[in-house]
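Numbering (the UniProt record's numbering), first residue to last: 1 to 445.
What follows is a short report on a single structure.
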Ligand SMILES: Cc1cc2nc3c(=O)[nH]c(=O)nc-3n(C[C@H](O)[C@H](O)[C@H](O)COP(=O)(O)OP(=O)(O)OC[C@H]3O[C@@H](n4cnc5c(N)ncnc54)[C@H](O)[C@@H]3O)c2cc1C
């Protein structure tokens, strides 16, 4: 039976990409009371709206998942890997010019600059400062690039892409997280005129989509009580490791306040303030993009607070840009083994691919709608990891309910600490059991 956009939203399967809005006469994206973008539900969606949804429970067979879509869109590839799909080359490195002002190595901003300067594309659709917060915007002038460097752990949506694309003359490059790029590929499949027009896709590896509550909480943790602006999520500590970064924002007296993320605790592994749908994306590495960029949190690169990207290429154009950057001495890049790349995202593969079946079963048992997922990635996980999964889901749900109730970081911390403690205990047990299993020669994760 076909699902509707309303059902997808009600079952927490909406990631807030906003591509369905392009298939509606009157709907628009709204921020819901949990701090996530969702489409406003009305009767104006046509039958294509669900077809372009990346979490459609009943997709058409030809485009049912990332494997099928990559057969259509990713053709000139050298290698294929079970967990990361098709690819050509694997690198680690940074951009000389943009490293300092970027989140990781600045390669995203470098590529965008290259695409515009070399007139490979005419417009970028990228995330940057928008009004007093962050959102996608159109950029056609290289001089505006500095506005868009840096990762924003803030909910954004692609609503404006298909609203304005037909008024844009020339070609377009887009930066996005994997499920957003899937929605764009679906749109390109059903509307082939966008295949040439959308020339280049950069995937940003994403540990999850955080709602607005995440920023509100961090602002309070940095010492701001009340209004704040210009939040910065990835302030580097050049004298420390890459993982030792800070959050900061201006308070209403124009004082910039900061908090080290290591002091706040593990905001990613716990799933706090995460959008549920991001747990249902088994595409960790942006398999439908021309190029994928992430943080090189592996040795020896993690020791360098200036930051490095891990990079996967999937198209000739992506390899051309990287090679040109190296030749021009603008990119400092070296090849790494695919296993190192996989190691850099090990937690994400465990959570989003290996534990997918257990999450699907759990949601099914609650009579929830579930999205269509690649069968080849579904596997059984041991009981000790199922416990971690269940507790993570609890922490995620509690984090949103508690912030809705208190909007106060001290009260929030006090009320969630026991759930976090339990998660830590389960995680410790899980790790210990894996060590014992390895020693005994039993299959471990
Ligand atoms: C929500 C989120 C979660 C992430 N989780 C991980 C992770 O688990 N593991 C990992 O290795 N890397 C993760 N990253 C990616 C990482 O933080 C860097 O963005 C990436 O390595 C590119 O770094 P850079 O220095 O090349 O980017 P920069 O040169 O600083 O440019 C950043 C680019 O990201 C775009 N951008 C900023 N915010 C968003 C957003 N919310 N959605 C889409 N695009 C955006 C901007 O348009 C810009 O083009 C995450 C990024 C985001 C946005």
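All residues carry an ideal CB built from backbone N, CA and C; glycine is no exception.
If you're wondering where the values come from, they're calculated on a predicted model, not measured in any experiment.
What are the residues that DSSP puts in a beta bridge with residue i?
{"i": "residue 29", "result": "39"}
{"i": "residue 260", "result": "246"}
{"i": "residue 457", "result": "Since the first residue of the chain shown is 1 and the last is 445, residue 457 is not available in this structure."}
{"i": "residue 176", "result": "203"}
{"i": "residue 228", "result": "251"}
{"i": "residue 95", "result": "331"}
{"i": "residue 210", "result": "274"}
{"i": "residue 217", "result": "The partner list for residue 217 (beta bridge, DSSP) is empty, contrary to what the question assumes."}
{"i": "residue 321", "result": "Paired residue(s): none; residue 321 is not in a bridge."}
{"i": "residue 292", "result": "203, 312"}
Do you know offhand how far residue i's Cα is from residue j's?
{"i": "residue 341", "j": "residue 285", "result": "10 Å"}
{"i": "residue 437", "j": "residue 384", "result": "12 Å"}
{"i": "residue 244", "j": "residue 402", "result": "27 Å"}
{"i": "residue 281", "j": "residue 331", "result": "31 Å"}
{"i": "residue 232", "j": "residue 442", "result": "45 Å"}
{"i": "residue 307", "j": "residue 247", "result": "16 Å"}
{"i": "residue 428", "j": "residue 404", "result": "30 Å"}
{"i": "residue 252", "j": "residue 351", "result": "39 Å"}
{"i": "residue 53", "j": "residue 65", "result": "11 Å"}
{"i": "residue 137", "j": "residue 304", "result": "31 Å"}
{"i": "residue 377", "j": "residue 238", "result": "39 Å"}
{"i": "residue 462", "j": "residue 130", "result": "Outside the shown range of the chain (1 to 445) lies residue 462, about which nothing can therefore be said."}
{"i": "residue 415", "j": "residue 266", "result": "16 Å"}
{"i": "residue 479", "j": "residue 47", "result": "Nothing about residue 479 can be reported from this structure: the residues present for the chain run from 1 to 445 only."}
{"i": "residue 152", "j": "residue 32", "result": "19 Å"}
{"i": "residue 395", "j": "residue 10", "result": "20 Å"}
{"i": "residue 149", "j": "residue 440", "result": "48 Å"}
{"i": "residue 183", "j": "residue 57", "result": "14 Å"}
Should residue i be counted as a contact of ligand 1 given a C-beta to heavy atom distance under 6 Å?
{"i": "residue 299", "result": "no"}
{"i": "residue 294", "result": "yes"}
{"i": "residue 428", "result": "no"}
{"i": "residue 9", "result": "no"}
{"i": "residue 151", "result": "yes"}
{"i": "residue 87", "result": "no"}
{"i": "residue 276", "result": "no"}
{"i": "residue 205", "result": "yes"}
{"i": "residue 285", "result": "no"}
{"i": "residue 233", "result": "no"}
{"i": "residue 329", "result": "no"}
{"i": "residue 217", "result": "no"}
{"i": "residue 102", "result": "yes"}
{"i": "residue 109", "result": "yes"}
Is the beta carbon of residue j closer than 7 Å to that of residue i?
{"i": "residue 358", "j": "residue 389", "result": "yes"}
{"i": "residue 274", "j": "residue 208", "result": "yes"}
{"i": "residue 5", "j": "residue 20", "result": "yes"}
{"i": "residue 98", "j": "residue 88", "result": "no"}
{"i": "residue 172", "j": "residue 198", "result": "yes"}
{"i": "residue 478", "j": "residue 124", "result": "With the chain covering only 1 through 445, there is no way to say anything about residue 478."}
{"i": "residue 127", "j": "residue 156", "result": "yes"}
{"i": "residue 229", "j": "residue 63", "result": "no"}
{"i": "residue 326", "j": "residue 90", "result": "no"}
{"i": "residue 449", "j": "residue 159", "result": "The requested residue 449 is not part of the displayed model; the chain covers only 1 to 445."}
{"i": "residue 374", "j": "residue 86", "result": "no"}
{"i": "residue 288", "j": "residue 70", "result": "yes"}
{"i": "residue 7", "j": "residue 49", "result": "no"}
{"i": "residue 221", "j": "residue 3", "result": "no"}
{"i": "residue 15", "j": "residue 192", "result": "no"}
{"i": "residue 12", "j": "residue 276", "result": "yes"}
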